[in-house]
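So the sequence shown is numbered by this note's numbering: it starts at 16 and just counts up by one. Here the structure comes first, spelled out in structure tokens, and everything after it is commentary.
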Amino acid sequence: MSDAETLADRVRDGELRLYELDDHADSDTAAEARRRLLEAETETTLETIGDYSFPAAEAADTAIENMIGAAQIPMGVAGPVAVDGGAASGAYYLPLATTEGALVASVNRGLSVIDDAGGSTARVTKNGMTRAPVFRVDGVAEAAETVEWVESHEADLREAAESTTSHGELLGVESYVVGDSVYLRFAYDTKDAMGMNMVTIATREACDVVEAETPASLVAVSGNLCSDKKPAAINAVEGRGRSVTADVVIPGELVEDRLGTTAEGIVEANTRKNLIGSAKAGSLGFNAHAANVVAAAFLATGQDEAHVVEGSNAITTMETRERDEDGSEDLYASISLASLQVGTVGGGTKLPTQAEALDVLDLRGGGDPAGENANALAEVIAVGALAGELSLLAALSSRHLASAHEDLGR
């Protein structure tokens, strides 16, 4: 009997629990033992799940618990596209991991058109990863006292928070009062890390100072005003992570030749669908399918996939622009993502597949200066999202969406 089978029997007999297997064997053997147990109890075969290439110990230490193997997702690439960014500069291929047929083809078409138009301009306009603890006070008088202290002692909070990290910098603290609850929204520059763990640890240290110096008592280090992994208007307005915008001007003849429609047609589709339709639906995202590109790029490059919720909080704008020389109309297109949370160090970016995808972008690891690689990644993803918007809106305005999926056999 193999070590994995012996361990599986011990779990079945109640001697061990699934999470304890890593204490009794190396990570590969522990994962195999869990698969053996599941295969026996569910009458399945997990051969494909058990066929993975990354170091199991590294994954078990940083990325997963009760590991049994890996889920493989097809990865494609779109591009290249020229990006003139504040951090990104040059031609980029964008790796995309997805199971949605036609997505990569659509983004690739959009990027090709953008590239033929001279490329896209992109800028990170705001950067700040947030954590917002909630405190209990006796009433509004104590709430006001707490807020007043916080506003006049931000330097003390900064000293406490930054004592926990060698990279993060506290940018500011915004106070919100609701009855006998006080929320403090801390914002940090986390450099090339996405930074959720960093800011949580730093904020917890600052909370100790608030409790020591004010009447407030900490209830939770996250009070949902951050707001993490949920649709939230505060992220749309104030941002979380990187706020990034990409735009392009596409000549009218290029729109007609490559997208099979007109600038006017795309503008009308965007207005009636993304703006009016989204408003009627009460949507926080005024876009066609930014989440598609954000999710696929996140999976490919090792980001926290749940942050697609905030990442798709985007507004797409389209307008026609008249050229002086001949009066023909070009298409101006932009997308603004208010809360794109990305990193090029830490978390899933360390896994081999995701690290290789970052290598394709030449954005693996820390940037010089710190934060440049994460800024560049945000800018390239924004350009990819813009390409997806262009391609889908063109397909809708030319009524080619259904046929495109049919032609690709989806």
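For glycine and all other residues, C-beta sits at the position ideal for the given N, C-alpha and C.
Where residue i sits in the DSSP three-state scheme
i: Y67; result: coil
i: N239; result: coil
i: E344; result: strand
i: P367; result: helix
i: K295; result: helix
i: I249; result: helix
i: N431; result: An answer regarding residue 431 cannot be provided, because it is not within the stretch 16 to 425 covered by the chain.
i: I281; result: helix
i: I350; result: strand
i: E337; result: strand
i: I265; result: strand
i: L355; result: strand
i: T77; result: helix
i: I83; result: coil
i: G91; result: strand
i: A305; result: helix
i: V360; result: strand
i: S413; result: coil
i: D99; result: strand
i: S17; result: coil
i: R51; result: helix
i: R257; result: strand
i: L405; result: helix
i: A397; result: helix
i: L109; result: strand
i: V375; result: helix
i: H420; result: At H420 the pLDDT is 48, less than 50, meaning the model places this residue with poor confidence; the figure from the coordinates comes in the next sentence. In this structure, H420 counts as helix in the three-state DSSP scheme.
i: V270; result: helix
i: A329; result: strand
i: V122; result: helix
i: A311; result: helix
i: T316; result: helix
i: R151; result: strand
i: T60; result: coil
i: E35; result: helix
i: A385; result: coil
i: A137; result: strand
Check whether residue i and residue j have beta carbons under 8 Å apart
i: V259; j: A137; result: yes
i: A312; j: L352; result: no
i: V152; j: T161; result: yes
i: V264; j: Y347; result: yes
i: L52; j: H39; result: no
i: P209; j: V357; result: The question names Pro, but residue 209 is Met in the sequence shown. In this structure, V357 lies closer than 8 Å to M209 by Cβ.
i: V309; j: S327; result: yes
i: E220; j: A147; result: no
i: S406; j: R124; result: yes
i: G403; j: N289; result: no
i: V128; j: L33; result: no
i: A23; j: S42; result: no
i: F69; j: L366; result: yes
i: D76; j: T44; result: no
i: G65; j: E80; result: no
i: D207; j: G381; result: yes
i: A329; j: A296; result: no
i: N15; j: E325; result: Residue 15 falls outside the range modelled here, since the chain spans only 16 to 425, and no answer is possible.
i: C222; j: L233; result: yes
i: E54; j: T63; result: no
8 Å contact criterion, which residue i and residue j should meet: CB distance rounded
i: M213; j: T180; result: 5 Å
i: S354; j: G238; result: Incorrect: roughly 17 Å between the Cβ atoms, too far for contact.
i: A103; j: E371; result: About 19 Å; that fails the 8 Å criterion.
i: P110; j: T316; result: 7 Å
i: N142; j: D204; result: 6 Å
i: G83; j: R49; result: The sequence as given places Ile at residue 83; Gly does not occur at that position. Right, the Cβ-Cβ distance comes to about 5 Å (below 8 Å), so this counts as a contact.
i: T332; j: S349; result: 5 Å
i: E4; j: A278; result: Here the chain covers residues 16 to 425 and nothing more, so residue 4 does not appear.
i: I281; j: A397; result: The pair is not a contact, with the Cβ atoms about 19 Å apart (cut-off 8 Å).
i: G363; j: Q318; result: 7 Å
i: T276; j: S413; result: 4 Å
Check: residue i C-beta below 7 Å from any heavy atom of the ligand ZN
i: L233; result: The model on display carries no ligand, and the ligand ZN is accordingly not part of it.
Cβ of residue i within 8 Å of any chain B Cβ
i: A296; result: Checking the listed chains, one finds no chain B in this structure; it contains a single protein chain.
Discussion item. If contact is defined by three or more beta carbon pairs under 8 Å, each pair taking one atom from either stretch, is the region 218-229 in contact with the region 79-93?
Written reply: Put simply, the region 79-93 does not touch the region 218-229. Fewer than three CB pairs are less than 8 Å apart.
Practice prompt. Could you tell me whether the region 264-279 touches the region 182-193, where touching means 3 or more Cβ pairs closer than 8 Å?
Written response: With a cut-off of 8 Å, the region 182-193 and the region 264-279 do not count as touching, because too few Cβ pairs lie within range.
Item to complete: Would you list, in sequence order, the uninterrupted alpha helix (DSSP H) runs of no fewer than 4 residues that lie entirely inside the region 155-227?
Response: If we require 4 residues or more, the alpha helix (DSSP H) runs fully inside the region 155-227 come out as 155-167, 169-177.
Fill in: the region 375-387 contacting the region 293-311, beta-carbon criterion three pairs below 8 Å
No contact exists between the region 375-387 and the region 293-311.
Worksheet item: Touching or not, the region 127-134 and the region 93-101, by the rule of three or more beta carbon pairs under 8 Å?
Response: Yes, they touch.
Fill in: Segment contact flag, the region 156-170 with the region 191-207, C-beta cutoff 8 Å, min 3 pairs
These segments touch.
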